[in-house]
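Structure first, commentary second.
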RNA sequence: GCUCUUGUAGCUCAGGGGUAGAGCACUUCCUUGGUAAGGAAGAGGUCACGGGUUCAAAUCCCGUCAAGAGCUCCA
């Protein structure tokens, strides 16, 4: 569920976040909501070095990490006991807040959840024996000899070598000390550190088993990865498991179904979201909300088509460089027919599309080129700037099927996109405006716990477009703009896109998970590629700067995050159904209809539950539907011309006059209160 | 994409080589009930799709499609 392209990203250990910015194929999504385009000088992939931890750094390992790492050894001990042919690879602890630990193992037997009980029982024995974790230092030759005799990551010598451990030994730098950790008969090549005794690992649970490539490389064999978690004590373990359960209950896929918000249909296609009426209300409300602020901030809303000519994307640099992350091009019918008559193969067609010999269209992977063309359709004076073009623009990207999931990883999504064309001097003010908008959005939705990251260029890299002077100026502008937020912000050198610096918001949700939402990016590249210009006060032509920004990222992802944030209990203004009227019996349905008309008239989304059920059952249903307000109407209310108000969280709130309630709820909706 | 798991009624799921099951939802009837489930009856399924094995396949095998989890923060 973690990813970043369209704004929202779960921040957690993830190979995604470690990927090189220009890796083709699986990630065009590495650092922005905007598809990365190659720099004009095409310095393509810049791989990120795997950082090896020094022994000193390992000593810093927290107590919890030590417990987890040690528990991983206990797990391996148990598995080795049950299946002596096990070949172990890595067995690290994971960061606090994430799963716990895992151990990768290659063995004939397929470990399934049914085995967990047996594994845990074996682990308990090891813990009970309270074996000492003993560290001994060995020479490289000694370690190699042990590995060759199959002694490493095993309970005794074996007929087979400890194959992965031999490979891992080769990865250890010449000058680094090599150590073996022993607990009972289980010896393992391990840098540690560990807790003193296996008795310290008493609160653990084996969670799941999955497969993983050795060293994460698809070219390597796949291993079975057994996940577990461990804590200092059983109370903390129980709390953790409870939190995981909470998160599961909040899953937007589950709630999306319960509340009838969206549907993904096999017949339509993977990763293509169908917004059902209820979900559409939430989205429309959010769009209206943003729209109001766009007006206030002087944006112009535009509409652009979902496709564009391949040449447009050649100019922008998105085709064919990122063809792997796009839907395939649509060749022109005439050209395709002519080629078919010539007996042209698919491969040839693809090549001709790429080379431009055959014309075609592309489903747009981003909105920028269209907005640029709108900008270019007029001559611009410096007096016109900034030009701010906004659109809820739907874009399509080809994600690997394994990357798809719910609303947060999709193949078609609508960005709350905008592009600002301005002078260099206007960058700071415009960025401040963007930040203000993000701040308003997050504040309104009660997502006030966030941090801000300012992505700057890596001073040692040459991948960046634009001259250093411009960058200095822009980075300074972003810093100053970020400073006006009144929130702490972190400067992150090397995190800028090649085309310009950026600011990201990382939001913490109510159960402590982090998501990347909202980004603002400065772009020097596209203005250059498209040759954008305006006439300055000096009557000479100048190049504008572009700013991309999207406070939500994408509507799909943002609504997905919101569902989980609110656990489906949207604030009244966002609720698909705001008020439900519950007549106590059929006799009061007519009165209920009167109240319905009055609320409806006032623009409230209201329904009447006229089912032949007792009011208790109606309340239960309304609660399950997370309706903010339930109005009970019976004999008393008919008499006093009132309604009895029940709130989904606050319960019975007593009786109110109908117009009194109407005014109250309308005020709540108008003010978009939480 | 790759590995594993899963796919049975609108939903949540049980079952499993020989008339297809439950609860909720739905329809009808009884009931007119005051803050999280009143009662009864009924209707609803090519058991994801396509092949194969078998006297017989929802069940076993193969393939396809789709969903879920995972795919190095280090020995």
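In my numbering, the protein residues as written are 72 to 745. In this text, a Cβ means the ideal position worked out from N, Cα and C, and glycines have one as well.
| said: Would residue 478 and residue 337 qualify as a contact pair, given that the criterion is a beta-carbon distance under 7 Å? | reply: Taking 7 Å as the Cβ cut-off, residue 478 and residue 337 do not qualify as a contacting pair.
On the CB-based measure, 16 or more other CB atoms within 10 Å of its CB, does residue 103 come out buried or exposed? Note that residue 103 has pLDDT 41, beneath the 50 cutoff, so the model's placement of it is unreliable and the number below is only indicative. By the neighbour-count rule (16 or more Cβ atoms within 10 Å), residue 103 is buried.
Three-state secondary structure (DSSP) at residue 204? Of the three classes helix, strand and coil, the one that applies to residue 204 here is coil, per DSSP.
Q.
Assuming residue 138 is part of the alpha helix (DSSP H), what are its boundary residues?
A. First-last of the alpha helix (DSSP H) with residue 138: 134-153.
query: In angstroms, rounded to a whole number, what distance separates the CA positions of residue 220 and residue 233?
result: When rounded, the distance between both Cα atoms is 7 Å.
Query raised in the report: What does DSSP give as the partner residues of residue 177 in its beta bridges?
Result: BP columns for residue 177 point to 158.
Judging by CA-CA distance, which residue of 736, 556 and 162 is the nearest neighbour of residue 504? The shortest Cα separation from residue 504 among 736, 556 and 162 belongs to 556.
Figure out for me which residue from 495, 346 and 276 has the closest Cα to the Cα of residue 333.
-> It is 346.
- Task: Could you tell me the distance, in whole angstroms, from the CA atom of residue 679 to the CA atom of residue 463?
- Result: One alpha carbon belongs to residue 679, the other to residue 463, and they sit about 34 Å apart.
task = Report buried or exposed for residue 374, applying the criterion of at least 16 other Cβ atoms within 10 angstroms of its Cβ.
result = Under the 10 Å beta carbon count, residue 374 is surrounded by fewer than 16 other beta carbons and is classified as exposed.
- request: Compare the C-alpha of residue 403 against each of 421, 393, 387 and 588 and name the closest.
  value: Minimum Cα distance to residue 403 is reached at 421.
ask   = Secondary structure at residue 447, three-state DSSP: helix, strand or coil?
value = Helix at residue 447.
Using 8 Å as the Cβ pair cut-off and three pairs as the minimum, do the stretch 524-533 and the stretch 647-664 touch? Counting Cβ pairs under 8 Å, fewer than three are found: no touch.
Nearest by alpha-carbon distance to residue 435: which of 575, 468 and 568 is it? Nearest option by C-alpha distance: 468.
query: Skipping 5 residues on each side, what residues in its chain have a beta carbon closer than 6 Å to that of residue 360?
result: Non-local C-beta neighbours of residue 360 in its own chain, meaning closer than 6 Å and more than five positions away in sequence, are absent.
Q) Counting Cβ pairs, one atom from each stretch, are 3 or more of them under 8 Å apart for the stretch 263-279 and the stretch 143-150? A) Contact annotation: the stretch 263-279 touches the stretch 143-150, with at least three C-beta pairs closer than 8 Å.
- CB residue 176 to CB residue 295, shorter than 7 Å? Contact: yes.
Find out if the Cβ-Cβ distance for the pair residue 349, residue 331 is shorter than 7 Å. In this structure, residue 331 lies closer than 7 Å to residue 349 by Cβ.
* Asked: For residue 292, does the count of other Cβ atoms within 10 angstroms reach 16, so buried, or fall short, so exposed?
  -> By the 10 Å Cβ count, residue 292 comes out exposed.
Practice item. Return the bridge partner residues of residue 390 from the DSSP annotation. Key: Per DSSP, none; premise fails for residue 390.
| query | From residue 527 to residue 622, what distance separates their C-alpha atoms? | reply | Taking the straight line joining both Cα atoms gives about 20 Å.
Do residue 683 and residue 660 have their C-beta atoms closer together than 7 Å?
-> With a cutoff of 7 Å on beta-carbon distance, residue 683 and residue 660 are scored as not near each other.
Comparing alpha-carbon positions, which option in 616, 486 and 155 lies nearest residue 593? When only C-alpha atoms are compared, the closest one is 616.
* Let me know if residue 327 comes out buried or exposed under the rule of 16 or more other beta-carbons within 10 Å of its beta-carbon. => Classification of residue 327: buried, given that the 10 Å Cβ count is 16 or more.
**Request:** Go through its chain and collect everything with a Cβ distance to residue 733's Cβ below 8 Å, but skip five positions before and after it.
**Result:** Cβ neighbours of residue 733 beyond the five flanking positions: 669, 670, 673 and 675.
Supposed contact pair residue 299 and residue 278 - C-beta distance, whole angstroms, cut 8 Å:
Confirmed, Cβ separation roughly 6 Å.
Is the beta carbon of residue 381 closer than 7 Å to that of residue 771? Lying outside 72 to 745, the shown extent of the chain, residue 771 is not represented and no answer is given.
ask   = Applying the criterion that 16 or more other CB atoms from any shown protein chain within 10 Å of the CB defines a buried residue, is residue 120 buried or exposed?
value = In this prediction, residue 120 scores a pLDDT of 36, lower than 50, which makes its location untrustworthy; the coordinate-derived value is nonetheless stated afterwards. Label assigned to residue 120: exposed.
**Study point:** Element boundaries [beta strand (DSSP E), containing residue 522]
**Key:** 521-527 is the extent of the beta strand (DSSP E) around residue 522.
ask   = Under a Cβ-count criterion, where at least 16 other Cβ atoms within 10 Å of its own Cβ denotes burial, should residue 695 be classed as buried or exposed?
value = Residue 695 should be labelled exposed.
Under the DSSP definition of a beta bridge, which residues are partnered with residue 723? As computed with DSSP, residue 723 is found in a beta bridge with 717.
Open item on the list: According to DSSP, is residue 515 part of a helix, a strand, or is it coil?
Closed with: Looking at residue 515 - three-state DSSP - the assignment turns out to be helix.
query: Roughly how far, in whole angstroms, is the beta-carbon of residue 577 from the beta-carbon of residue 585, given that I think they are within contact range, below 8 Å?
result: Residue 577 to residue 585, Cβ: 5 Å. Contact.
- Task: Return the first residue and the last residue of the beta strand (DSSP E) that residue 417 is part of.
- Result: Residue 417: not part of any beta strand (DSSP E); member of the alpha helix (DSSP H) spanning 417-426, first to last residue.
Secondary structure of residue 408, DSSP reduced to three states: Helix at residue 408.
Between residue 259 and residue 223, how many whole angstroms is the CB-CB distance? I'm expecting something under 8 Å. About 6 Å separates the two Cβ atoms, so the contact holds.
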